[in-house]
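Asker:
Residue numbers (full-length UniProt numbering): 1 to 210.
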């Protein structure tokens with residue numbers, strides 16, 4: 001453990017940055033006030049001078065990530081702006097799957113993420129959708145990206161290969177003959193299918209926004 005810091009030497013940004021490091025390395029389950037304190041060489045009580053509790057810390061972490069979400073996109077069409085905005089969000093979230101595990105709980109949201117959502121709603125309205133149609137399509141767009149992230153960028157902190165990877169590698173193509181045609185195209189880490197986001201997202205988004 002690091003030498004304890006002097007009282008008052010911490011600031012909120014340092015606490016959030018240390019919490020991000022803990023979550024990046026071990027996932028959200030590894031995130032405790034004590035783990036953050038140990039990383040900073042501080043006491044747990046020193047952390048509580050800057051955050052109310054673990055939930056407050058989680059929201060601040062989400063806000064730190066969402067601060068880099070693209071909002072204003074320099075592109076000529078609403079569909080291109082929407083696509084590039086979501087690809088930007090995807091690329092920020094893919095290395096940090098723990099963010100998704102917080103979001104799917106459904107009870108926490110970073111308020112600074114609303115600007116990107118507002119910009120997308122504006123693009124959908126520009127495409128001619130009603131308010132109801134725009135919010136429905138916004139949900140569809142986000143659910144597609146969220147599903148891809150959860151499936152293709154899991155939080156793998158244990159030994160490899162995973163059970164999922166072993167199951168794919170040990171698949172009996174005599175019992176599953178159609179897989180024999182595509183198995184050579186799959187990587188065990190890909191799970192059930194290989195769907196590059198930069199190929200699939202424009203196709204799906206164009207259909208959703210048609």
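Beta carbons are placed, not taken as given, at the ideal position from N, Cα and C, and that holds for glycine.
(1) Spatial neighbours of residue 191 within its chain, please: C-beta separation below 8 Å, excluding the five flanking residues on both sides.
(2) So, with DSSP's three-state summary, where would you put residue 210?
(3) Start and end of the alpha helix (DSSP H) containing residue 13?
(4) Relative to the C-alpha of residue 118, which candidate in 45, 23 and 81 has its C-alpha closest?
(5) Output yes or no for whether 9 Å exceeds the beta carbon distance between residue 89 and residue 145.
(6) Which of the three DSSP states is assigned to residue 108 in this structure?
(7) Put residue 50 into one of helix, strand or coil per three-state DSSP.
(8) Does the beta-carbon of residue 120 have 16 or more other beta-carbons within 10 angstroms, so that it is buried, or is it exposed?
(9) Which first and last residues belong to the alpha helix (DSSP H) in which residue 38 is found?
(10) Which full runs of the alpha helix (DSSP H) of 4+ residues lie inside the region 75 to 149, going along the chain?
(11) So, helix, strand or coil for residue 160, using DSSP?
(12) Closest by CA to residue 35, which one among 95, 15, 67 and 126?
(13) Rounded to the nearest angstrom, what separates residue 107 and residue 133 at their Cα positions?
(14) Residue 32 to residue 129, Cα distance in whole Å?
Answerer: Reading off the structure:
(1) For the purposes of this step, residue 191 is taken as residue 191 along the chain shown, with counting starting at 1. Reliability of the predicted coordinates at residue 191 is poor, the pLDDT of 49 falling under 50, and no value is obtained from them.
(2) As a working mapping, residue 210 is identified with position 210 in the chain shown. Of the three classes helix, strand and coil, the one that applies to residue 210 here is coil, per DSSP.
(3) Counting from one through the chain shown, the residue named residue 13 turns up at place 13. Per DSSP, residue 13 belongs to the alpha helix (DSSP H) from 12 to 26.
(4) As a working note, residue 118 is residue 118 in the chain shown. The shortest C-alpha separation from residue 118 is found at 81.
(5) Position 89 of the chain shown, counted from the start, is the residue given in the question as residue 89. Position 145 of the chain shown, counted from the start, is the residue given in the question as residue 145. It is a contact, given that the beta carbons lie within the stated cut-off.
(6) Taking the chain shown and counting its residues from 1, the one referred to as residue 108 is at position 108. Of the three classes helix, strand and coil, the one that applies to residue 108 here is coil, per DSSP.
(7) Counting from 1 along the chain shown, the entry for residue 50 is found at position 50. Secondary structure at residue 50: coil, using DSSP grouped into helix, strand and coil.
(8) For the purposes of this step, residue 120 is identified with residue 120 of the chain shown, where counting begins at 1. With 16 or more other Cβ atoms within 10 Å, it is buried.
(9) In the chain shown, the residue the question calls residue 38 occupies position 38. Note, residue 38: alpha helix (DSSP H), 33 to 40.
(10) You should have 78 to 93, 97 to 103 and 114 to 126.
(11) Position 160 of the chain shown, counted from the first residue, corresponds to residue 160. In the structure shown, residue 160 sits in coil (DSSP, three-state: anything other than H, G, I, E or B).
(12) Walking along the chain shown from the start, residue 35 turns up at place 35. Minimum Cα distance to residue 35 is reached at 15.
(13) Looking up residue 107 in the chain shown gives position 107. Looking up residue 133 in the chain shown gives position 133. The straight-line gap from Cα to Cα measures roughly 25 Å.
(14) Against the chain shown, residue 32 aligns to sequence position 32. Against the chain shown, residue 129 aligns to sequence position 129. Their backbone Cα atoms lie some 44 Å apart in a straight line.
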